[in-house]
Amino acid sequence: MSVVSLALASRTYRGVPLKGTRFSFNLSTNSGYSVIDFNRERSSSFKKHITCVTRQFSSQPHNPKVPKAATWKPISEDQLPPPTKIPADLVDKLERLALVDFRTKQGLACLEKAIRFADQLHIVDTSGVEPMDSVLEDRSLYVRDDAVTEGNCAEDLLQLSKNTVEEYFVAPPGNIPLPKREERAAMLKHAEF
Amino acid sequence: MAASCVAASELLHNMRQTSIFYPKASCLIRRISTTSIQSDSQPQLKAKSVPQQLVGVVGLEIHAQINSSTKLFSGSPVRFSAPPNSLVSFFDASLPGTLPVLNKRCVEAAVMTGLSLNCTINRKSLFDRKHYFYADLPAGYQITQHRRPIAVDGTLTYSLFGGKKKNQMIRKKVHIKQIQLEQDSGKSLHDDARSQTLIDLNRAGVGLMELVMEPDMSCGEEAAAAVRELQLILQALGTCQGNMSEGQLRVDANVSVHRPGEPLGIRTEVKNINSVRYLARAINYEIQRQIDVLQRGGTVQSETRAYDSKSGETIPMRDKEGLQDYRFMPEPNLPPLIVYEDNASLTTCIDACQAVVVQKIKEGLPELPSVKRDRLVQTHGILPEHSFTLVNEEGLVEFFEAVLKETKKEPRKVIGWVTNELLGHLKQQDLSVSQSPISPSALAELLELHEMGHISSSVAKQVFQEMWRSSGKTALQITQEQDLGLVSDTAQLHSICQQVVDSHPDEVQAIRNGNKKVLNKLMGLVQKETKGRADPVLVRGILQKKTS
Chain A
153 MSVVSLALAS
163 RTYRGVPLKG
173 TRFSFNLSTN
183 SGYSVIDFNR
193 ERSSSFKKHI
203 TCVTRQFSSQ
213 PHNPKVPKAA
223 TWKPISEDQL
233 PPPTKIPADL
243 VDKLERLALV
253 DFRTKQGLAC
263 LEKAIRFADQ
273 LHIVDTSGVE
283 PMDSVLEDRS
293 LYVRDDAVTE
303 GNCAEDLLQL
313 SKNTVEEYFV
323 APPGNIPLPK
333 REERAAMLKH
343 AEF
Chain B
38 MAASCVAASE
48 LLHNMRQTSI
58 FYPKASCLIR
68 RISTTSIQSD
78 SQPQLKAKSV
88 PQQLVGVVGL
98 EIHAQINSST
108 KLFSGSPVRF
118 SAPPNSLVSF
128 FDASLPGTLP
138 VLNKRCVEAA
148 VMTGLSLNCT
158 INRKSLFDRK
168 HYFYADLPAG
178 YQITQHRRPI
188 AVDGTLTYSL
198 FGGKKKNQMI
208 RKKVHIKQIQ
218 LEQDSGKSLH
228 DDARSQTLID
238 LNRAGVGLME
248 LVMEPDMSCG
258 EEAAAAVREL
268 QLILQALGTC
278 QGNMSEGQLR
288 VDANVSVHRP
298 GEPLGIRTEV
308 KNINSVRYLA
318 RAINYEIQRQ
328 IDVLQRGGTV
338 QSETRAYDSK
348 SGETIPMRDK
358 EGLQDYRFMP
368 EPNLPPLIVY
378 EDNASLTTCI
388 DACQAVVVQK
398 IKEGLPELPS
408 VKRDRLVQTH
418 GILPEHSFTL
428 VNEEGLVEFF
438 EAVLKETKKE
448 PRKVIGWVTN
458 ELLGHLKQQD
468 LSVSQSPISP
478 SALAELLELH
488 EMGHISSSVA
498 KQVFQEMWRS
508 SGKTALQITQ
518 EQDLGLVSDT
528 AQLHSICQQV
538 VDSHPDEVQA
548 IRNGNKKVLN
558 KLMGLVQKET
568 KGRADPVLVR
578 GILQKKTS
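Chains A and B supply the protein sequences, listed in that same order.
To convert, note that position 170 of the first sequence is 322 in the numbering used here; the numbers rise steadily by one, no gaps.
To convert, note that position 204 of the second sequence is 241 in the numbering used here; the numbers rise steadily by one, no gaps.
Okay, here's the thing in structure tokens:
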């Protein structure tokens, strides 16, 4: 079917010093996309020995569950949990949370396809592995001194806004409960903001 | 067009006025708590179950603005009442491509506050995104500490007057669940007439410490005393200026009622409380309201209510639709925040100026209010109540100790002058201690005159009034100018006493018959004659001789 790709694009983080790292992840062998192997047989045999893997502020450099070299393997449909169906009120909730309308056939199909794609992650055995927040979590967080270096640029910022009054940004009135589904469709047609 | 522009600026002007007096008013509707102290799904209390025993349960959520020069994640300045959007960086405005850089001062402030509240400082804490859409939060999420806050599990000890006559100091304790670092939001000004919202992002991104207090309190007075103590601690530390009316300290109260021993009742959250005094009133109103609802056979709704200081009531706020889903997720742009126990635990690859070291912060902690009070009681022998009065008023301890340095009068006698005379006058005119027209040494001079027996205590009070009115004149000058010195000329006093004795034969007879108390009446008459300047010891002696 398809592969699970783990986005480990090399990004520069302002919050993280680039020098003084203790471990270097060598991911440069993957050009374009990264591929991970989830060999179930192998990982389950390791399960007994690594029931509790704890990291001390960093990833274990050699977690036996993480393969040394990336491999590629298709996943068959029967290995996955049953496909998720999205009920109408869940769509409604998601639309409200995200302030995005996607209540069309295509929109729903797209969402279900995305969930199906992510379903493949269920196959990865992560028991005993503490989840990572970030690939940079073993680096120390950069902190800065409490000295003023920015601000005083109201003019620059305000000119980015379509609507301003004096030195204020202008937004639609807040705290109004979102209109019902039917009203919303009508409102979007005449939306100005 | 021109006319509408004028109208717009007038409206804005008015709104700015409001925002100065009620800086919180514009944003109160959407402040939402991260932590729920009491469960909403607890069994509902019915009125039939012996209502007379219902008692209040109060927990607090406090947002304290960190007193720093710059914001939590950006280098733009922090200031109150600056021109709109003048304190905003590209990051604060959430422009694409900008990233957070943590302010070390804010971390240190949170650690200091945590240590002072006996918290455990988490060596590793994490940042999370809390999502909601609101125009004064341009990123669509707030960076907070949801999973692992910087400090947990502390206590705050506070005291309040209790007992039957409300004159006993009672010491109480409230547990601090956690202290988390998070960003403040901007401010919204709602222009209902034009159906629009004006956004000022000056406050967006300012560092906050959210303190969560467990529901260990039972009434408004306890909550107010706890907040007052916290305010003093924050001010002593300098981690927050603690001014509630300027929104530097914002308190939300979670209030419920139940019968002791039973599960907690359904709670409401009371917001929009702008002072410690209103906090007590709002909570007590809310407790009584809930008791009334239950006694009428109703049930308390889980809701957010706003306190209206004019009517003294709490009113329901516009309801959010169902439960909010904040979609918490780890903040991907910030690795875990590590603080170090001591210098020895620093790893070699950490730059020393980068590290936040708990031990170093501990050593630099100033004297906390409770320690200061104990010290005052012990070294000067004053009452605990007086130590509270002294510490409660900024600069009063220093004033008191400066007076003590220049007078031989006992501290126990000086304290009344400072807490009654001086503080009374200051309060009457709404002045701070630093604005007092009477300096510590001037007061010391006055007290010295009294101590040496040059003036009586009633005259001393008279002189104090005069010094207050015409500042600059010394106590000695006033005493001399107005001839207020104590009359200790024996001959003069003898003749005055003789007159009094001669004109009050009945009283004299009563004293001779054994009713010694009547002597005080004669003493009062002598003092009246001398306008309070007669040396009381001498007068008593003379009168006793003449009436024996």
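Just so you know, even glycine gets a beta-carbon here, dropped at the ideal spot from N, CA and C.
The structure presented is a predicted model; accordingly, all values stated were derived computationally and were not measured.
Skipping 5 residues on each side, what residues in its chain have a beta carbon closer than 6 Å to that of B/Ala392?
Cβ neighbours of B/Ala392 beyond the five flanking positions: Tyr377, Leu383.
For B/Cys156, count neighbouring C-beta atoms within 10 Å of its own C-beta (all shown protein chains included) and say buried if the count is 16 or more, exposed if not.
Under a 10 Å Cβ-count criterion, B/Cys156 is classified as buried, with 16 or more other Cβ atoms of the shown protein chains found around its own Cβ.
Tell me B/Gln293's beta-bridge partners as DSSP assigns them.
Note that residue 293 of chain B corresponds to Ser in the displayed sequence, not to Gln. In DSSP, B/Ser293 forms a bridge with B/Val94.
In or out: B/Gln465 buried (at least 16 other Cβ within 10 Å) or exposed?
With fewer than 16 Cβ atoms within 10 Å of its Cβ, B/Gln465 is classed as exposed.
In this structure, does DSSP put B/Gly334 in helix, strand or coil?
Under the three-state reduction of DSSP output, B/Gly334 falls in the coil class, being neither helix nor strand.
Closest by CA to B/Gly302, which one among B/Val292, B/Thr567, B/Leu197, B/Phe501?
Answer by Cα proximity: B/Val292.
Identify the contact partners of A/Pro239 in chain B, using a Cβ-Cβ distance below 7 Å as the criterion.
The contacting residues do not exist; A/Pro239 stays about 16 Å from chain B at best.
Pick helix, strand or coil for B/Arg577, following the three-state DSSP scheme.
Helix at B/Arg577.
Between the region 88 to 119 of chain B and chain D, which residues of the former have a C-beta closer than 8 Å to a C-beta of the latter?
Reference to chain D is not applicable here, since the protein chains of this structure are A and B.
Where the region 244 to 257 of chain A meets chain B: residues whose CB sits under 9 Å from a CB there:
Per Cβ criterion, the list reads Lys245, Arg248, Leu249, Ala250, Leu251.
Looking at B/Trp454 and B/Ile475, is the spacing between their C-beta atoms short of 8 Å?
Result no, Cβ atoms of B/Ile475 and B/Trp454 do not sit closer than 8 Å.
Since B/Ile548 is in the alpha helix (DSSP H), which residue starts that stretch and which ends it?
Run containing B/Ile548: 542 to 549, per the alpha helix (DSSP H) assignment.
I need the DSSP call for B/His227, collapsed to helix, strand or coil.
Annotated three-state conformation of B/His227 is strand, per DSSP.
Since B/Ala188 and B/Gly151 are thought to touch, with beta carbons under 8 Å apart, how far apart are those beta carbons, to the nearest angstrom?
At roughly 3 Å, the Cβ-Cβ gap stays under 8 Å, so B/Ala188 and B/Gly151 are in contact.
State the DSSP-derived secondary structure class of B/His183, mapped to helix, strand or coil.
In the three-state reduction of the DSSP assignment, B/His183 falls in the coil class.
Grouping DSSP H, G and I as helix and E and B as strand, with all else coil, what is B/Ser76?
Its pLDDT being 41, under 50, B/Ser76 is placed unreliably by the model, and nothing is read from it.
Quick one: Cα of B/Asn104 to Cα of B/Ala146, how far?
Taking the straight line joining both Cα atoms gives about 8 Å.
Chain B beta carbons: is any one of them nearer than 8 Å to that of A/Lys242?
Residue 242 of chain A is actually Leu in this sequence, not Lys. It does not; no Cβ of chain B falls within 8 Å.
Let me know the secondary structure DSSP gives B/Val264 once reduced to three states.
It is helical.
Using a beta-carbon distance below 8 Å, is A/Pro325 in contact with chain B?
So, interface residue.
Cβ-based neighbour list, B/Ala263, same chain, cut-off 8 Å, excluding 5 preceding and 5 following
Cβ neighbours of B/Ala263 within its own chain (closer than 8 Å, five residues either side excluded): Leu97, Leu193, Tyr195, Lys209, Val211, Met250, Met254.
How is the alpha helix (DSSP H) around B/Ile557 delimited, first residue to last?
In the sequence as presented, Ile is not what sits at residue 557 of chain B; that position holds Asn. In the DSSP assignment, B/Asn557 falls within the alpha helix (DSSP H) that extends over 555 to 566.
Collapsed DSSP secondary structure at B/Tyr169 in the structure displayed
Coil.
What does A/Val281 touch in chain B if you count any residue whose Cβ is under 8 Å from its own?
Near A/Val281 there are no residues of chain B at all, since even the closest Cβ is about 16 Å away, more than 8 Å.
Residues of the region 297 to 311 of chain A with Cβ closer than 8 Å to any Cβ of chain B, in chain order
The region 297 to 311 of chain A vs chain B, Cβ under 8 Å: Asp297, Asp298, Ala299, Val300, Thr301, Glu302, Gly303, Asn304, Cys305, Ala306, Leu309, Leu310.
Residues of the region 259 to 278 of chain A in Cβ contact with chain B at a cutoff of 7 Å, in chain order, please.
From the region 259 to 278 of chain A, no residue has a Cβ closer than 7 Å to chain B.
In whole angstroms, what separates the C-alpha of B/Arg142 from that of B/Asp289?
One C-alpha to the other measures close to 26 Å.
Smallest Cα separation from B/Gly177: which of B/His168, B/Ala479, B/Arg184, B/Arg185?
The option with the nearest alpha carbon to B/Gly177 is B/His168.
Cβ contact (3+ pairs, closer than 8 Å) linking the region 304 to 313 of chain B and the region 330 to 345 of chain B:
Short answer: they touch.
Drop a sphere of 10 angstroms on the beta-carbon of B/Gln268, count the other beta-carbons inside from all chains shown, and report buried for 16 or more, exposed for fewer.
B/Gln268 counts as buried, since at least 16 other C-beta atoms from the protein chains shown sit within 10 angstroms of its C-beta.
Where do the ends of the beta strand (DSSP E) carrying B/Leu193 lie?
Where B/Leu193 is concerned, the enclosing beta strand (DSSP E) stretches over 188 to 199.
With a cut-off of 8 Å, do at least 3 Cβ pairs link the region 112 to 128 of chain B to the region 157 to 164 of chain B?
No, the region 112 to 128 of chain B is not in contact with the region 157 to 164 of chain B.
From B/Pro373 to B/Thr181, what does the alpha carbon distance come to, in whole angstroms?
About 12 Å.
When we look at the beta-carbon of B/Arg265 and count the other beta-carbons within 10 Å, is it buried (16 or more) or exposed?
It counts as buried.
Neighbouring residues, chain A, relative to B/Pro353 (Cβ below 7 Å)
By Cβ distance, chain A contributes nothing, its closest Cβ being about 14 Å from B/Pro353, past 7 Å.
In three-state DSSP terms, what is B/Asp572?
Coil.
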